[in-house]
Ligand SMILES: [Zn+2]
């Protein structure tokens, strides 16, 4: 493993498909195709034994046969959000490319077959559906739900995908003929959070992706004049919502999760009126399903008592939820050891964001390695990681991959 080569590839990719305004590799666009063209060029330079193909969901595969057909998959995504960062997704693909490059240059085949995969449309930047290619591969994509999606210009998802050779009806077959041979999925990614940098750590194993409970609350009270309505005769929906916002940090710390109320709307929304209606979005995340449920129960009690104390009513609607996805314990242990050997964190981290690995973990033993992120910033042109941390993370990922490719860990 030569981390410098992977970093040089990342810089070349950024030069071709990025710029001062950040990465512009939005999936199902010509610039995303340009990023893939770069990947194909690099793969072609590895020689004839690497076979490149695209599956029915638009995921790009490069397979290097080993002595056994059992396949270790290394992947991430080259697509980005508009004005994205140079490392989100690309780090994992270029790290996988470097592993493949080393193996393709070896004098004899590896024990297990190795596949690089560049998942299509991880970001969901154009149609709002994240993890599109990996969920199709893992068999969890609801085709009917995505068929109706349109982008900001009104282009239907099936038309946009069709222009890039993907037929929506065929997407669920993406895993056919491939899923059965998989024995592990490994992904290298930037943390996209501030923990590793704050601790001065270059990299860490990831224990799993957190589950999410997201609700929209509507408090209904009575709009009233700010001057003439005595305090004891109000039904202030804004105060009820504020009580929820103020109570969430306690709930989060009690259960060791995170709770966010990032969206608040008040009506009539003027300085001279008591709010008769307040809308509040509450997002809760935890790695443990039981703790997530307990956190939600506490939040429900909180918003009901907040409404009651302000003479308001409250309606809650679940707008999104997903179960926590724990990664494979054996692979997480191996990833942790590889990170420690590379000078990284002793304890695995939870991932607060979703990744393709969360989809793959449904069907195959999976694990991830994180590199640090400067300031925790991502989905922004300012996204960055110190080169020395990238090197450590690439080393850890390479060592983990080597161990599994040579026949180690799973079961
Ligand atoms: Zn990503």
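Numbering (my numbering), first residue to last: 1438 to 1848. Just so it is clear, CB atoms sit at the ideal spot from N, CA and C, and this is done for glycine as well.
Residue 1454 lies in the alpha helix (DSSP H); which residues open and close that run?
-> As a working note, residue 1454 is residue 17 in the chain shown. Residues 1440-1454.
With a cut-off of 8 Å on the beta carbons, I'd call residue 1465 and residue 1598 a contact; round off their distance for me.
-> The residue given as residue 1465 occupies position 28 in the chain shown. The residue given as residue 1598 occupies position 161 in the chain shown. Right, their Cβ atoms sit about 6 Å apart.
State buried or exposed for residue 1458, treating a residue as buried only when at least 16 other CB atoms are found within 10 Å of its CB.
-> Walking along the chain shown from the start, residue 1458 turns up at place 21. Flag for residue 1458 reads exposed.
Alpha helix (DSSP H) segment containing residue 1685, residue limits = Walking along the chain shown from the start, residue 1685 turns up at place 248. Segment 1674-1692, the alpha helix (DSSP H) holding residue 1685.
Going along the chain, which residues put their C-beta within less than 5 Å of some heavy atom in ligand 1?
-> 1525, 1526
Quick one: Cα of residue 1645 to Cα of residue 1625, how far?
-> For the purposes of this step, residue 1645 is taken as residue 208 along the chain shown, with counting starting at 1. For the purposes of this step, residue 1625 is taken as residue 188 along the chain shown, with counting starting at 1. Rounded to the nearest angstrom, the two C-alpha atoms are 13 Å apart.
Assigned exposure category for residue 1490 - 16 Cβ within 10 Å defines buried | On the chain shown, residue 1490 is found 53 positions in, with the first residue counted as 1. Per the 10 Å Cβ criterion, exposed.
Buried or exposed for residue 1668, please, with buried defined as at least 16 other CB atoms from any protein chain shown within 10 angstroms of its CB.
-> Taking the first residue of the chain shown as position 1, residue 1668 is located at position 231. Exposed is the call here.
Would you mind sorting residue 1665 into buried or exposed? The rule is 16 or more other CB atoms within 10 Å of its CB.
-> In the chain shown, the residue the question calls residue 1665 occupies position 228. Exposed.
How do the stretch 1672-1684 and the stretch 1629-1641 stand: do at least 3 beta-carbon pairs fall below 8 Å, yes or no?
-> no
Count the CB pairs spanning the stretch 1602-1615 and the stretch 1763-1773 that are closer than 8 Å, and state whether there are at least three.
-> no
State the beta-bridge partners of residue 1807 as determined by DSSP.
-> Numbered from its first residue, the chain shown carries residue 1807 at position 370. Paired residues: 1626, 1641.
Beta-carbon separation (whole angstroms), residue 1701 vs residue 1717, contact threshold 8 Å | Walking along the chain shown from the start, residue 1701 turns up at place 264. Walking along the chain shown from the start, residue 1717 turns up at place 280. Residue 1701 to residue 1717, Cβ: 5 Å. Contact.
Rounded Cβ spacing between residue 1509 and residue 1620 (contact assumed at less than 8 Å) = The sequence position of residue 1509 within the chain shown is 72, counting from 1. The sequence position of residue 1620 within the chain shown is 183, counting from 1. About 6 Å; that satisfies the 8 Å criterion.
What residue does the beta strand (DSSP E) around residue 1556 start on, and which one ends it?
-> Translated into the one-based positions of the chain shown, residue 1556 becomes position 119. Element bounds for residue 1556: n/a, residue is neither H nor E.
Mind checking residue 1550: buried by the 16 CB within 10 Å criterion, or exposed?
-> Position 113 of the chain shown holds residue 1550. With 16 or more Cβ atoms within 10 Å of its Cβ, residue 1550 is classed as buried.
Hey, residue 1476 and residue 1497 are a contact pair by Cβ (cut 8 Å); roughly how many whole angstroms apart?
-> Here residue 1476 refers to the residue found at position 39 when the chain shown is read from its first residue. Here residue 1497 refers to the residue found at position 60 when the chain shown is read from its first residue. Confirmed, Cβ separation roughly 7 Å.
With C-beta atoms as the reference, is residue 1822 less than 7 Å away from residue 1627?
-> Sequence index remark: in the chain shown, residue 1822 carries index 385 (1-based). Sequence index remark: in the chain shown, residue 1627 carries index 190 (1-based). Yes, Cβ-Cβ distance for residue 1822 and residue 1627 is below 7 Å.
Enclosing alpha helix (DSSP H) for residue 1776 [first to last residue] = Position 339 of the chain shown holds residue 1776. Its alpha helix (DSSP H) spans residues 1766-1778.
Determine the closest residue to residue 1525 out of 1843, 1827, 1840, 1837, with distance taken between C-alpha atoms.
-> Counted from its first residue, the chain shown places residue 1525 at position 88. When each option's Cα is compared against that of residue 1525, the closest is 1827.
Compute the distance between the beta-carbons of residue 1656 and residue 1751, then report whether it is under 7 Å.
-> If you number the chain shown from 1, residue 1656 lands on position 219. If you number the chain shown from 1, residue 1751 lands on position 314. The answer is yes: Cβ separation under 7 Å.
Residues that DSSP places opposite residue 1720 in a beta bridge | Position 283 of the chain shown, counted from the start, is the residue given in the question as residue 1720. Its beta-bridge partners are 1651, 1697.
Other residues of its chain near residue 1739: CB distance less than 8 Å, five sequence neighbours each side excluded | For the purposes of this step, residue 1739 is taken as the residue at position 302 of the chain shown. Closer than 8 Å at the Cβ level, and outside the excluded window around residue 1739, lie 1680, 1681, 1684, 1685, 1688.
Report the residue from 1507, 1575, 1473, 1499 whose alpha carbon sits nearest the alpha carbon of residue 1796.
-> Here residue 1796 refers to the residue found at position 359 of the chain shown. When only C-alpha atoms are compared, the closest one is 1575.
Pull up the distance between the alpha-carbon of residue 1500 and that of residue 1699, whole angstroms please.
-> The residue given as residue 1500 occupies position 63 in the chain shown. The residue given as residue 1699 occupies position 262 in the chain shown. Rounded to whole angstroms, residue 1500 to residue 1699 spans 43 Å at the Cα level.
Residue 1721 versus 1735, 1559, 1546, 1517, residue with shortest Cα-Cα distance | Translated into the one-based positions of the chain shown, residue 1721 becomes position 284. Selected option, being the one with the closest Cα: 1735.
According to DSSP, which residues form a beta bridge with residue 1910?
-> This structure cannot settle anything about residue 1910, because the visible part of the chain is limited to 1438 through 1848.
Since residue 1661 sits in a beta bridge, which residues does DSSP pair it with?
-> The count along the chain shown starts at 1 and reaches residue 1661 at position 224. DSSP lists 1711 as partners of residue 1661.
Less than 6 Å between the CB of residue 1534 and some heavy atom of ligand 2, yes or no?
-> With respect to ligand 2, the structure offers nothing, as its ligand set consists of ligand 1.
Given residue 1853, which residues of its chain have a CB within under 8 Å of its CB, disregarding the five upstream and five downstream residues?
-> Outside the shown range of the chain (1438 to 1848) lies residue 1853, about which nothing can therefore be said.
For chain D, find out if any of its Cβ atoms is closer than 7 Å to the Cβ of residue 1774; answer yes or no.
-> The question asks about chain D, but that chain is absent: this structure has only one protein chain.
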